[in-house]
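Every number in my numbering is 487 more than the matching position in the sequence shown, counting from 1. Don't be surprised by glycine CBs; every beta carbon is placed ideally from N, CA and C. Here is the structure we will look at.
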Amino acid sequence: MPAWFKEVWFQVLLWGVSINVLFVIFAWPLVHC
């Protein structure tokens, strides 16, 4: 596996986690109000 592939995969994973966290933070009050 190339080094750049691992780097890109890590960045994508980080973005996915960040988006999920933001979605939970913004959606939680809307769902539970």
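| Item | Value |
| --- | --- |
| Measuring straight from C-alpha to C-alpha, what distance separates V508 and F497? | 17 Å |
| Counting only the same chain and skipping the five closest in sequence on each side, list residues whose C-beta sits under 7 Å from that of W524. | Past the edges of the chain, shown from 488 to 520, lies residue 524, and the structure says nothing about it. |
| Taking just the CA atoms, how far does F492 sit from V504? | 18 Å |
| State the start and end residues of the unbroken alpha helix (DSSP H) segment that holds P516. | A490 to V518 |
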